[in-house]
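Numbered according to mature numbering (1 follows the signal peptide of the UniProt record, and there is no 0), the sequence shown spans residues -19 to -1, 1 to 499. The structure appears below as structure tokens.
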Amino acid sequence: MARSFALFALVSTAPVVSSRCFPGDACWPTADTWSAFNVSLGGKLIANMPIAAVCHNSTFTPHDAAACTLPTNNSCNPFLDASAPCTMGNYPVYSVNATGAEDYQKTLAFAQEHNIRFVIRNTAADYNGKSSGAGSLALWTHHLKAKEMLDAYEFALAHDHVVVGANVPDIGLVGGYTQGAGTGPLGSRFGLGADQVLEWEAVLASGDFVVASPSSAEHADLYWALCGGGGGTYAAVLSATVKAHPPLGLSTANLTFALPVAVESPDAFWEAVRAFLQYSPAIGDAGAEAVWYAQGTAFNLATVFAPGFDKKTLDALMRPFLKTLDGLGLPYAYASEQHPGFLEGFLAQLATNVSNLNIGGRLIPRSLVESDGAAPLAAAIRNITSSGAIFSGVTFNVSSHAPESGVGANPYWREAVFSAVFGTFFDWTDWEANRRSADTITDDLVPQLELLTPGGAAYLNEYDFQQPDWETTLYGANWGKLSEVKMKYDPRGVFYALGAVESERWVEQHDGRLCGKA
């Protein structure tokens, strides 16, 4: 089942080019060429503008103080003076508001004909800029029929079912979330987002429209790679058919404790953190998920999602740890609630914004917290937070939910008890401070967890963008097979993203220009 444009037969087997065409180059399409492309799309081409352009006297728009509310990146910073430069930075120059396979095919054809960097952008909830790119043409899939999490949850509820999704409602279901593995409140009950997919519809770099499933004669390998092997890497996904599960209720709990002001020694607090780490497997084993944060000497178990639990059962699950806090003499606040339906309970929780952080991450294996390793892990968290960083975790158990056909997600997920994400707060006016902060994460903070988890892994969607050994850290034992799939379907590297399979064949220059390595 395939449809393609004749143009692709001329370019699909060509070697990687030395450099993508960049705005200002002689090869960059003229205004008339872009206009003709827009006509061919029925007016779906968008000339992008930095969100903060209204804050500057720029070529995009006059300064508008009332509209100056949202940042982009340091290329057009709303917190600096209006006379400061405002450029596109890493934003795509143009975007196509795609609504179907033909838009995908035309956009891919145009990008390859003119040798322009191509990116895929859904909800753009990406920490490491995979959905952006200087001098690029973006395929914007947000208005396709695919659902955001809230849409998917509501659609499933209307049909008396639930689906696995993320911890926040505005993440796209079939984009980087599922293609990057995907954790969420139903994960311990039903598995990763990548475990849920039955079938993908996608457009290849060649322009072919394909349907990939475990049983497809030609594209079973593509199905496998798309299930957790990384978004924006192998093909441009149109849709995914995912498993729907019977409806179930949801109970939730939250817990906070902190070192009392009058207590000088923080040892009791950190003993409580150690005890929580050691108790974490019980939460995932019960089919629940916990989202938690540690900062300074304050601990916030923001939400325990317990699908299928009543309040009494959830309280019983948490009671052993609460007794530990009692024994340590630490005051705490605990509350729990039973909701009649999953969606109602999910929406009652307040998601925490972590987009204002420079981040690093690590998957923590169950074996570490079930042994004496919980103590050095707590010590590492103590040291990381003492530097001013915030440390968060998502506790789960997805060890037994992989489909028989297998998925491309890092196998280390099946050993993990929680995904750790930690970061330092972003400085909106000092770009060099952010560079130093990013280096601190790479050179100091991440290595503290690597020392405790040799040969370990990190979540593809939540990792340090400067991770030195990212190939094995993000993909583990699947790297070799994923590379083969990438080279089979996209030998020219049309699909590029930071940290994606075979992205090591490319390098981004200081100005953002994407160049192939010699």
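Just so it is clear, CB atoms sit at the ideal spot from N, CA and C, and this is done for glycine as well.
Note on F257: 16 or more other CB atoms within 10 angstroms of its CB, so buried under the neighbour-count rule. In the structure shown, the three-state DSSP call for G146 is coil. Of all alpha-carbon atoms in G116, V218, A269, I371, the one lying nearest the alpha-carbon of S232 is that of A269. Separation of F327 and E483 (C-alpha to C-alpha, rounded to the nearest whole angstrom) is 37 Å. Taken through DSSP and simplified to helix, strand or coil, L309 comes out as helix. When the alpha-carbon of S220 is set against those of C208, E180, R255, D202, the nearest one is in E180. In the structure shown, W9 falls within a coil segment according to DSSP collapsed to helix, strand and coil. Taken in chain order, the complete alpha helix (DSSP H) segments of 4 or more residues contained in the segment 282 to 365 are 292 to 309, 323 to 328, 347 to 350. Across the set G114, D141, T453, the C-alpha of D141 shows the shortest separation from the C-alpha of H226.
As computed with DSSP, S400 is found in a beta bridge with L344, V375. The alpha carbon of I345 has as its nearest neighbour, out of A397, L324, N378, F302, the alpha carbon of A397. Excluding sequence positions up to five before and after P4, its CB lies within less than 7 Å of the CB of V74, G116, all in the same chain and listed in chain order. Less than 7 Å separates the beta-carbon of N78 from that of W121.
E465 carries a helical assignment under DSSP once its states are collapsed to helix, strand and coil.
A contact between stretches requires three or more CB pairs, one per stretch, nearer than 8 Å, and the segment 202 to 214 fails this requirement with the segment 278 to 287.
Cα atoms of R170 and T159: separation of roughly 16 Å, rounded to the nearest angstrom. Of the residues L349, A7, K87, the one whose Cα lies closest to the Cα of G24 is K87. Under the three-state reduction of DSSP output, Y75 falls in the strand class.
Taking a C-beta distance under 7 Å as the contact criterion, V192 and V223 do not qualify as a contact pair. C496 is bridged by DSSP to S(-1), V488. For E182, the secondary structure class from DSSP, reduced to helix, strand or coil, is strand.
P195 and P228 have their C-alpha atoms spaced approximately 26 Å apart. Rounded to the nearest angstrom, the gap between the Cα atoms of D291 and T423 is 42 Å.
The Cβ atoms of N442 and G157 lie closer than 7 Å to each other. In the structure shown, R102 adopts extended strand secondary structure according to DSSP, grouped into three states. DSSP places Y477 outside both helix and strand once states are collapsed to three, so it counts as coil. Excluding residues up to 5 positions away in sequence, V254, A275, F372 lie with their Cβ nearer than 7 Å to the Cβ of I362 in the same chain. With respect to the 7 Å criterion, S76 and A119 are classified as neighbours on the basis of their beta carbons. The three-state secondary structure of I27, taken from DSSP, is strand. Taking C-beta atoms under 8 Å as the contact rule, N337 and F286 fail to qualify, at a distance of about 24 Å. Boundaries for F446: no alpha helix (DSSP H) harbours it, and the DSSP string shows neither H nor E there. Taking 3 residues as the shortest admissible run, the segment 248 to 283 contains the following complete beta strand (DSSP E) segments, listed from N- to C-terminal end: 270 to 276. The segment 350 to 370 makes no contact with the segment 457 to 471, as fewer than three CB pairs between them are under 8 Å. No residue range can be given for S196, since it is assigned to no beta strand (DSSP E) and is classified by DSSP as neither H nor E.
Taking the C-beta atoms as reference points, A316 is found no nearer than 7 Å to N415. DSSP lists V184 as the beta-bridge partner residues of F190.
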